[in-house]
Amino acid sequence: MRDRAQHIAGRAMTDIVRSAPEIGYLSPQSFAELGISQTVTAGGTVYVSGIAPLTPEFDVVGPDLAEQLRFVLDVLDRSLVAAGTDRTRLVAWTIYARDLTALSGCLPMLRDWVGEHRPASTWIGAAGFIHPAQLIELTATAVI
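Numbering (the numbering used here), first residue to last: 596 to 739.
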C-alpha cells in the first residue's frame, strides 16, 4: 500500500498502516491482546515494535543471549520484508539487554547481520522483560 498525502488544516497528513503480519512470530491476536502493532508504517518509514525472543506460546526460544539474539534478528528480517523493506534499509535500532557485556560478545553476529548497511544504534541495560527468562529485546526503524 502506498502512502497518500492529504492536506488538512495547513498540514500534510500521511496514511498510517498498522500491522501484525503472519510471519511465524506472535499471532495477530496476541498483538491485539497486547494493544500494539508489530509494525507501523508512516511517511515511508517503518517502525518495528520490540521483538522479544518468544514463541507463539510466549515461551522463550533459548537459554542464552546469542540464541535469543539470532531469533530476534530473524524476526526483524521477516517483519521488515512484510512491511515492504529489508535490512539494507534499516536506519536505527535500540537493543535492550539484561547483560550488556554478554551483548558485547555478540558484536560479530550483529556486524555480520547488518553488513555494510550499519544502522544508528543504542544499547540499553534492562532489569527485566515480559518473560523472566528473556535476555534481550530489539526495536527498529527502517525506510521503504
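Each residue gets a CB set at the ideal place from its N, CA and C atoms; glycine is no exception.
Since the model is a prediction, treat every value here as computed from it, not as a measurement.
Can you tell me which residues form a DSSP beta bridge with residue i?
i: residue 687; result: 715 and 736
i: residue 674; result: DSSP, once it has assigned bridges, lists no residue as partnering residue 674.
i: residue 614; result: 634
Using beta-carbon positions only, say whether residue i and residue j come within less than 8 Å of one another.
i: residue 621; j: residue 651; result: yes
i: residue 668; j: residue 694; result: no
i: residue 633; j: residue 648; result: no
i: residue 737; j: residue 684; result: yes
i: residue 641; j: residue 671; result: no
i: residue 673; j: residue 618; result: yes
Classify residue i as buried or exposed, calling it buried when 16 or more other Cβ atoms lie within 10 Å of its own Cβ.
i: residue 615; result: buried
i: residue 601; result: At residue 601 the pLDDT is 47, less than 50, meaning the model places this residue with poor confidence; the figure from the coordinates comes in the next sentence. Exposed, by the Cβ-count rule.
i: residue 735; result: buried
i: residue 717; result: exposed
Residue i and residue j look like a contact to me (Cβ under 8 Å); what is the Cβ gap, rounded to whole Å?
i: residue 743; j: residue 719; result: As displayed, the chain neither begins before 596 nor continues past 739, which places residue 743 out of reach and without an answer.
i: residue 579; j: residue 688; result: In the structure as shown, the chain starts at 596 and stops at 739, and residue 579 therefore has no counterpart that could be examined.
Can you check the stretch 689-736 for any alpha helix (DSSP H) of at least 4 residues that lies completely inside it and give the ranges in chain order? 695-699 and 702-709
Counting only runs that start and end within the stretch 626-678, where is the beta strand (DSSP E) found for 3 or more residues in a row? 634-637 and 640-646
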